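Undergrad: For reference, the structure I am asking about is given below.
See the structure below:
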């Protein structure tokens with residue numbers, strides 16, 4: 001019930017305040033480890049969708065699962081690979097939504113509470129440490145930032161998941177650019193790209209706090225940008241240059257849809273190249 005959940009939450013906050021007052025740095029390290037282990041556990045639920053067909057069907061699913069596997073076998077190899085990659089995307093989005101709810105709940109346990117001094121709240125102690133590091137370089141992330149970078153490293157940039165997302169982005173790009181997002185297929189793919197970009201933008205947090213002592217954690221922000229975010233943003237740039245209000249822009253007329261600022265910049269570049 002809601003009363004029982006509130007009682008458990010109050011007990012958790014009380015215990016968190018005691019631990020933070022005793023040794024907040026040790027508590028902070030433990031919370032970071034829990035975040036990464038949770039992200040790893042959730043990432044394992046995405047993995048089966050991106051495994052090979054033989055491994056998927058060898059798990060001994062019941063009648064409904066066997067029927068679905070038989071239907072998959074009837075698909076061409078290219079369509080089957082496309083279907084698997086789309087399943088990976090959907091599983092990743094669902095997994096991230098659940099992880100984000102858990103992360104919000106976890107952060108709330110250590111958040112500030114008016115009835116207690118700040119030295120009893122891990123979030124306040126972290127904020128104070130971040131303030132001390134502000135003038136030089138910050139190596140202490142908030143709990144939310146650390147949790148997002150943990151999911152990024154453990155789940156989204158896991159090779160099987162990352163490669164499936166990259167392939168799906170390339171397929172969706174071809175459909176969106178050719179049909180403008182106004183057919184049933186390209187519209188669905190465009191929405192998937194929007195959902196994926198929203199998730200990736202939330203994960204685009206600094207990770208210069210990570211250390212080699214943290215198991216399995218590595219610098220992944222630049223990797224995320226180069227691997228997934230930049231290709232997605234190129235899709236939107238190409239789409240904005242090739243479509244306008246559902247109408248395909250003739251290549252000869254593309255310059256008419258460029259702002260004066262960008263048109264002047266392009267003219268300067270062309271002039272320098274001719275010079």
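Numbering (full-length UniProt numbering), first residue to last: 1 to 275.
For glycine and all other residues, C-beta sits at the position ideal for the given N, C-alpha and C.
Quick caveat: nothing in here was measured; it's all calculated off a predicted structure.
(1) Which same chain residues end up closer than 7 angstroms to residue 142 when comparing Cβ atoms and leaving out the 5 residues on each side of it in sequence?
(2) Is the distance from the Cβ of residue 277 to the Cβ of residue 204 below 7 angstroms?
(3) Should residue 103 go down as buried or exposed, given a rule of 16 or more other Cβ atoms within 10 Å for buried?
(4) Count the other C-beta atoms from every protein chain shown that fall within 10 angstroms of the C-beta of residue 5, then say buried if there are 16 or more, exposed otherwise.
(5) By the DSSP assignment, the alpha helix (DSSP H) with residue 206 in it spans what residues?
(6) Using DSSP with H/G/I as helix, E/B as strand and the rest coil, what is residue 134?
(7) Please classify residue 18: does DSSP put it in a helix, a strand, or coil?
(8) Can you list, in chain order, the residues of its chain whose CB lies under 7 angstroms from that of residue 192, leaving out five sequence neighbours each side?
(9) Is it the case that the stretch 146 to 161 contacts the stretch 23 to 39, given that we only count it when at least three CB pairs across the two stretches are under 8 angstroms?
(10) How do the stretch 161 to 179 and the stretch 89 to 98 stand: do at least 3 beta-carbon pairs fall below 8 angstroms, yes or no?
(11) DSSP on residue 219, reduced to helix/strand/coil?
(12) For residue 27 versus residue 17, is the C-beta spacing smaller than 7 angstroms?
(13) Candidates 252, 2, 235: which alpha carbon is nearest residue 181's?
TA: Taking the geometry as given:
(1) 126
(2) Since the first and last residues shown for the chain are 1 and 275, residue 277 lies out of range.
(3) buried
(4) exposed
(5) First-last for residue 206: undefined, no H or E at that position.
(6) coil
(7) helix
(8) 89, 172
(9) yes
(10) yes
(11) coil
(12) no
(13) 235
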